[in-house]
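Notes to accompany the following structure.
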Amino acid sequence: MLTRVPEEIRLAEKAIDFGEFFSQEPLKFQFYYGENNQAEIINTIYLEDGNKPLTLYLEVFNDSEQDVIFKNSNSLAGKLATVQAGGAQAASEKKCHFQLRWEKDLGLKPSEIEIDGKSGQWQVNYDEESRFFSIYFLHKSGLTLKPNEKIQIGFSKLTANNRTVKSSNVELLYGGIGLISTGTANELIEEQVSSKNAVSVINHLRKTEIPLQFRVLGSNAILNDGTTQNTLKLKVLNSPLSNNTRPILLLDQSSKFIVSFEQGDHPDALVATDSQLQAVDIDTTDTNSWTKHHTANSTQWSFTPKASLKQLTAGQGIELTISQLVTSSVSGLACIYIDYQNIGSYPDGRLVIPIEKTPLLYSGGQVGIGTKTFDRETTKLKVNGDIVLGKDEKNKKFIFHSRSNYSGEFLQITHDKDDNNWDWGQGITLKRGGDVGIGTSTPAAKLHVAGGNTVINDNVGIGTTSPAAKLHVDGSVKFGGNSTIINQMICGQVFYNTVDKKWQYKGFAKGTRVVHTDDARFTIHYGFTVKHRQELAIFATPIYRHADNLITVQEVHEDRCVICMIDLANSKHPYEPTNFSFMIIHFGSPSDLYHFYELENNRPLKHSAPIESYDYNTK
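In this text, residue positions in the sequence shown follow the numbering used here: the first is 1229, and each later residue adds one.
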């Protein structure tokens, strides 16, 4: 690494007058990038880009017809500043064979510049002033440069750091200090000679296109229903190709990403209107590395790296979340722009991100219409709103309509009428909880049919997935608009098996069982329990009718009843048991449990025999 000229030498030499410059230029110079001593790029300096710098070669050649002799510095008289300062070995303005003077507009960092190993015979140091800095070259043992011969010195880490400068002047100074002579007479070059070259400042030739790319994390589609708050996730990253030898992008405080939206007088091309964009927010997920800048009511957001973030290596970038984006713009493509400034050593530019405005959202095998959220992974289609099927003509359309009101949540399928309005009083209605209405929009039972006929060829199940009959209802049933709700009904037969000599029964409901209590009494357990036994209607009929017997219901409980055979001739004695059928119906409770109605042609009891007091809540 280069070291600066010692302070004592610098101060001593500034007191010496240089005199006039010599007009002749036996020495010329140039810079180049190349390999195997072959110049490919001449008088050019690459911008610093954070990657491994190429070697920049300095070539000083004898452009005269005489030898140019670089004398051994040890032969100098003691009057030189280096001797006066103590004989230091550093090359300096008054102890060098030549020097390069650079303007500071290039932003060079001389303390970081290194000399290649092949130039070890040269003592090289630097010094700097307000506008310039100089590199001094002193050959340690002396050198004779024949006509057309050249000196080659390689520099690494000699790169420009100012992107605004496109060219700068470099000056080669030599002579005037007794260290260079020419010709066979060894004639000293008495006056200082200057030779200048202009060098261009460019980006690396292999870096013609910035390796920035954008990714949309998730879908780039947004719903344009005017109410949905959409969210977009974007990432801008350094994504160089596999053969890119310069993958690093340098950052500084002037580096910037600017996010903006399509503007103009064509509403079809807008992501959203200016008023809708006022509610939008954009944030970076890495707040430790990036700072957001946004002015109120502005539709631009900028992000600059914090001082700790010096570069973007391959795969690194900035991740942005755009939230609260509501739009009612027509369906189609629109653009979000991300401008980049002072990224790496590349020119400024823009990334264009297409956004699809749509009423239908497709994401990961799921489709949403009017919605961007899905309840579960198995949902394939979710619609927020009504579905209309059919032709756009009168009496040619059907609608799937969901609604909520004081009586519950419903899904109704109905059709349009001659006046092009929907016939809400007809169709099929499904109420949350399982009630189904046909011809009514307010079903009050598992199956509530109002008007018309129903014809079904196969089994139908309501409340069950395995119907065992033409109509299998697992729940209550209501027939007609003004009818009783039937919650449950069971039927069966009790008979004597004359072959096996034992009583048996046929049960037509799971859980039903019959107990032979005594000779003429049978207890039937329903297989279910009711809250109010007053809601039970129980019927028993003998299979073979005898003139002198009667089958009656003797006891009624919430979960069982007792059937008894009575001798009509002597009602106080049970009759011999006989085969009989029974029906037990549990009907629905009225909504007003304590509302009773008087009978027409009501007659009081004619005798004083006690009668059981009717209490609906009595067990």
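Each residue gets a CB set at the ideal place from its N, CA and C atoms; glycine is no exception.
Exercise. So what's Gly1735 in DSSP terms, helix, strand or just coil?
Worked result: Of the three classes helix, strand and coil, the one that applies to Gly1735 here is strand, per DSSP.
For this session: With a threshold of 16 other CB atoms inside 10 Å of the CB of Phe1767, please say whether the residue is buried or exposed.
Result: Counting Cβ neighbours within 10 Å, Phe1767 comes out exposed, since fewer than 16 surround it.
Exercise. Counting along the chain, where does the beta strand (DSSP E) carrying Asp1795 start and finish?
Worked result: Note, Asp1795: beta strand (DSSP E), Arg1788 to Asp1795.
For this session: Give me the Cα-Cα distance between Leu1239 and Arg1329, rounded to the nearest whole angstrom.
Result: Their backbone Cα atoms lie some 18 angstroms apart in a straight line.
For this session: Reducing DSSP to helix, strand and coil, say where Ser1503 ends up.
Result: Helix.
Problem set entry | Assigned exposure category for Ala1673 - 16 Cβ within 10 Å defines buried | The residue in question, Ala1673, is buried, as its Cβ has 16 or more Cβ neighbours within 10 Å.
For this session: Give a yes or no on whether the C-beta atoms belonging to Leu1275 and Arg1359 are separated by under 8 angstroms.
Result: For Leu1275 and Arg1359, no; Cβs fall outside 8 angstroms.
For this session: Enumerate in chain order the residues of its own chain whose CB-to-CB distance from Thr1231 is below 7 angstroms, with the five nearest sequence positions on each side excluded.
Result: Around Thr1231: Asn1353.
For this session: Determine the direct distance from the alpha carbon of Lys1463 to that of Thr1519, and round the result to whole angstroms.
Result: Taking the straight line from one Cα to the other gives about 16 angstroms.
For this session: Go ahead and label Ile1417 buried or exposed: buried means 16 or more other beta carbons lie within 10 angstroms of its beta carbon, across all protein chains shown.
Result: Of the residues assessed, Ile1417 falls on the buried side of the cut-off, its CB having 16 or more other CB atoms within 10 angstroms.
Exercise. In terms of alpha-carbon separation, which member of Leu1445, Asn1466, Val1288 and Trp1529 lies closest to Thr1459?
Worked result: The residue with the shortest Cα to Cα distance from Thr1459 is Leu1445.
Problem set entry | For Gly1382: DSSP bridge partner residues | Tyr1285.
Exercise. Quick one: Cα of Gly1278 to Cα of Ala1500, how far?
Worked result: If you draw a straight line from the Cα of Gly1278 to the Cα of Ala1500, it is about 39 angstroms long.
For this session: For Ser1369, collect the residues of the same chain with a Cβ closer than 8 angstroms to its Cβ; drop the 5 residues on either side in sequence, then sort them by chain order.
Result: These residues qualify, in order along the chain: Asn1300 and Gln1349.
Problem set entry | beta strand (DSSP E) segment containing Gln1297, residue limits | Position check: residue 1297 holds Ile in this sequence, whereas Gln was assumed. Here the beta strand (DSSP E) through Ile1297 covers Val1296 to Phe1298.
Exercise. Between the Cα of Phe1756 and the Cα atoms of Ile1812, Asn1807 and Asn1710, which residue gives the shortest distance?
Worked result: Comparing Cα-Cα distances from Phe1756 to each of Ile1812, Asn1807 and Asn1710, the minimum goes to Ile1812.
Problem set entry | Paired residues, beta bridge with Pro1770 - DSSP | Paired residue(s): Phe1808.
Exercise. How far does the beta strand (DSSP E) with Lys1463 in it reach, from first residue to last?
Worked result: That run of the beta strand (DSSP E) goes Asn1458 to Asn1466.
Exercise. Taking three-plus beta-carbon pairs below 8 angstroms as touching, is the segment 1317 to 1334 in contact with the segment 1361 to 1376?
Worked result: As far as the Cβ criterion goes, the segment 1317 to 1334 touches the segment 1361 to 1376, which means the pair count is three or higher.
Exercise. Do Glu1415 and Ser1409 have their CB atoms nearer than 8 angstroms?
Worked result: Yes, the pair counts as a contact, with Cβ atoms nearer than the cut-off.
For this session: Output the distance between the C-alpha atoms of Phe1326 and Leu1386, rounded to the nearest integer angstrom.
Result: Straight-line Cα distance between these residues: approximately 19 angstroms.
For this session: With distances taken Cα to Cα, identify the nearest neighbour of Ile1566 among Ile1714, Gln1441, Leu1284 and Tyr1260.
Result: Considering only alpha carbons, the answer is Gln1441.
For this session: Using a threshold of 8 angstroms, state whether the C-beta atoms of Ile1690 and Val1664 are closer than that.
Result: Going by C-beta atoms, Ile1690 is nearer than 8 angstroms to Val1664.
Exercise. So which of Thr1745, Glu1342, Leu1469 and Gln1544 has the shortest CA-CA distance to Cys1792?
Worked result: Nearest C-alpha to Cys1792 among Thr1745, Glu1342, Leu1469 and Gln1544: Thr1745.
Exercise. Quick one: is Leu1561 near chain C, going by C-beta distance under 8 angstroms?
Worked result: Looking for chain C here will not work: only one protein chain is present.
Problem set entry | Ile1571 in three-state terms, based on DSSP | Reduced to three states, the DSSP call for Ile1571 is coil.
Exercise. What number of angstroms, rounded off, separates the C-alpha of Leu1255 from the C-alpha of Ala1267?
Worked result: Roughly 19 angstroms between the two C-alpha positions.
Exercise. In the structure shown, what three-state DSSP assignment does Lys1346 receive?
Worked result: Here DSSP, grouped into helix, strand and coil, assigns Lys1346 to helix.
Problem set entry | Where Asp1620 sits in the DSSP three-state scheme | Secondary structure of Asp1620 (DSSP, three-state): coil.
Exercise. When the Cα atoms are used, what is the spatial distance from Pro1475 to Lys1538?
Worked result: Approximately 14 angstroms, taken between the alpha carbons.
Problem set entry | Euclidean distance between Cα positions of Leu1308 and Glu1357 | Confidence at Leu1308 is low in this model, with a pLDDT of 25, below 50, so its placement is unreliable and no value can be given for it.
Exercise. Quick one, which of Ala1765, Arg1761 and Trp1731 has its alpha-carbon nearest Phe1750's?
Worked result: With distances taken between Cα atoms, Phe1750 lies closest to Trp1731.
For this session: Pair every Cβ in the segment 1548 to 1567 with every Cβ in the segment 1577 to 1584, then say whether three or more of these pairs are closer than 8 angstroms.
Result: Contact between the segment 1548 to 1567 and the segment 1577 to 1584 is present: 3 or more CB-CB pairs across the two stretches fall below 8 angstroms.
For this session: Could you tell me whether the segment 1543 to 1560 touches the segment 1569 to 1576, using the rule of 3 or more Cβ pairs below 8 angstroms?
Result: In short, these stretches do not touch, since the Cβ pair count stays below three.
For this session: Give the single residue among Asp1651, Lys1461 and Thr1456 whose Cα lies nearest to the Cα of Gly1596.
Result: Nearest C-alpha to Gly1596 among Asp1651, Lys1461 and Thr1456: Thr1456.
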